[in-house]
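Per the UniProt record's numbering, the very first residue in the sequence shown carries number 1; after that it's consecutive. In this text, a Cβ means the ideal position worked out from N, Cα and C, and glycines have one as well. Note that the coordinates shown come from a computational prediction; the quantities given were computed from them, not determined experimentally.
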Amino acid sequence: MHSTIPPPHHQVMPSRSGFQASQPHACPTLDFAKLVLAPGQTHQGETGAREVLLLALSGEADVTVNGHAYPRVGQRSTVFAGTPHGLYLPRASAYSVTARTAFEAALPSAASDLDTAPYEIHPADLPTYPSSGAAAGRWYHELLGFPGLGPTSRLRVVEIHTTPGPYRVPLPPTTEFMRGARDTGEQMTYFRLSSRGGRGLARHYSARFGHGYDELYTIYDHSLLTLPHGECTYSLPAGVSATSLWVLAAEPVPPVRRPLRSRWASDKAPGPR
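In structure tokens form, the structure reads like this:
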């Protein structure tokens with residue numbers, strides 16, 4: 001007999017060593033995993049039919065993707081210091097990660113129909129954008145899926161930093177980060193809190209989408225929100241800062257339709273040359 005209980009929208013990712021996939025959730029396009037390695041330890045994996053962002057949270061590692069070497073990925077001691085550094089792994093990729101130091105990475109992913117080469121997301125290429133309005137203690141980096149960055153199919157990723165509050169921090173509207181792509185409403189947010197004993201509150205609501213969500217969650221270090229629809233806002237207690245990884249799903253932009261050259265043109269597309 002199949003259960004009618006829907007998958008939870010909140011879970012806490014484990015922090016133990018190795019590759020840790022998320023628990024079952026309600027997002028059909030997006031997924032999330034973590035990688036924790038000791039110095040000298042190696043992890044090997046494959047992306048399958050998904051595109052993946054391998055984002056270093058702390059420490060350094062040497063990464064190989066489809067035979068291409070990327071040494072010293074990760075240039076910050078903690079997720080709260082420095083600028084992000086990562087790699088885009090396209091679908092059908094084989095990769096290996098060997099830790100130089102204690103290494104921790106996030107691996108958000110999305111279903112993909114794009115064949116392209118892997119590429120590096122380097123700190124020197126990532127401008128810092130200050131937040132505006134009520135969230136004056138916040139700034140962010142656009143990591144994946146934005147103009148001036150490399151190609152993606154559906155994956156959009158933003159890293160958001162919030163200084164010690166208390167702050168009520170609405171995430172920016174998802175349409176602000178789509179820029180030409182159509183938003184599916186699907187999103188994930190992974191939280192890191194500066195205090196292990198720190199707590200926050202997140203509200204998930206989606207009345208405008210017609211799904212009727214209005215839920216409140218306690219946010220911990222390593223919390224993951226998996227939201228198939230709706231919007232989210234979160235609050236932090238005094239003295240606690242947060243780094244959150246905001247992952248969005250967008251439908252790919254359809255290809256340009258080219259008109260026939262003439263009514264007598266062949267219906268068969270030309271072969272490779």
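Does DSSP put residue i in a helix, a strand or coil?
{"i": "Pro123", "result": "helix"}
{"i": "Gln23", "result": "coil"}
{"i": "Val97", "result": "strand"}
{"i": "Phe191", "result": "strand"}
{"i": "Ala92", "result": "coil"}
{"i": "His9", "result": "coil"}
{"i": "Ala111", "result": "strand"}
{"i": "Val79", "result": "coil"}
{"i": "Thr47", "result": "coil"}
{"i": "Arg182", "result": "Unreliable placement is indicated for Arg182, whose pLDDT of 41 sits below 50; the coordinate value is still reported in the next sentence. It is a strand residue."}
{"i": "Glu104", "result": "strand"}
Drop a sphere of 10 angstroms on the beta-carbon of residue i, count the other beta-carbons inside from all chains shown, and report buried for 16 or more, exposed for fewer.
{"i": "Arg154", "result": "buried"}
{"i": "Gln187", "result": "buried"}
{"i": "Arg192", "result": "buried"}
{"i": "Gly239", "result": "exposed"}
{"i": "Arg16", "result": "exposed"}
{"i": "Pro90", "result": "buried"}
{"i": "Pro228", "result": "buried"}
{"i": "Glu142", "result": "buried"}
{"i": "Ala124", "result": "exposed"}
{"i": "Ala106", "result": "buried"}
{"i": "His8", "result": "Going by the sequence as given, residue 8 is Pro instead of His. Its Cβ having fewer than 16 others within 10 Å, Pro8 is exposed."}
{"i": "Pro118", "result": "buried"}
{"i": "Ala38", "result": "exposed"}
Going by alpha carbons, who is nearest to residue i out of the options?
{"i": "Leu55", "options": "Phe32, Tyr217, Ala69 and Gln41", "result": "Phe32"}
{"i": "Arg72", "options": "Asn66, Ala81 and His85", "result": "His85"}
{"i": "Tyr213", "options": "Glu46, Gly185, Pro237 and Gly230", "result": "Gly230"}
{"i": "Gly40", "options": "Tyr205, Pro118 and Glu104", "result": "Glu104"}
{"i": "Ala81", "options": "Phe146, Ser96 and Gly59", "result": "Gly59"}
{"i": "Leu216", "options": "Gly198, Ser235 and Phe146", "result": "Ser235"}
{"i": "Gly116", "options": "Ala102, His43, His141 and Tyr88", "result": "A quick correction: the sequence has Thr, not Gly, at residue 116. Nearest C-alpha to Thr116: Tyr88."}
{"i": "His43", "options": "Gly148, Ala94, His9 and Pro8", "result": "Ala94"}
{"i": "Thr163", "options": "Tyr119, Ala250 and Ser244", "result": "Ser244"}
{"i": "Glu120", "options": "Tyr140, Ala69 and Ala92", "result": "Ala69"}
{"i": "Arg203", "options": "Leu225, Ser194, Arg196 and Tyr190", "result": "Leu225"}
{"i": "Arg29", "options": "Val65, His10, Pro108 and Ser241", "result": "The sequence shown places Thr at residue 29, not Arg. It is Pro108."}
{"i": "Ala249", "options": "Arg196, Gly145, Thr101 and Thr233", "result": "Gly145"}
{"i": "Leu149", "options": "Met13, Ala26, Ala242 and His122", "result": "His122"}
Answer with yes or no whether the minimum CB distance from residue i to chain C is below 9 Å.
{"i": "Thr116", "result": "In the displayed structure, chain C is absent; only one protein chain is listed."}
Quiz item: Is the region 13 to 29 close to the region 69 to 77, with three or more CB pairs under 8 Å?
Solution: Counting Cβ pairs under 8 Å, fewer than three are found: no touch.
Quiz prompt | Meets three-Cβ-pair contact criterion under 8 Å: the region 220 to 232 and the region 116 to 134 | solution = Contact fails between the region 220 to 232 and the region 116 to 134, because fewer than three Cβ pairs, one in each stretch, are under 8 Å apart.
Quiz item: Is there contact between the region 105 to 117 and the region 40 to 52, where contact requires at least three CB pairs shorter than 8 Å?
Solution: Touching, yes, given that three or more Cβ pairs across the two stretches are closer than 8 Å.
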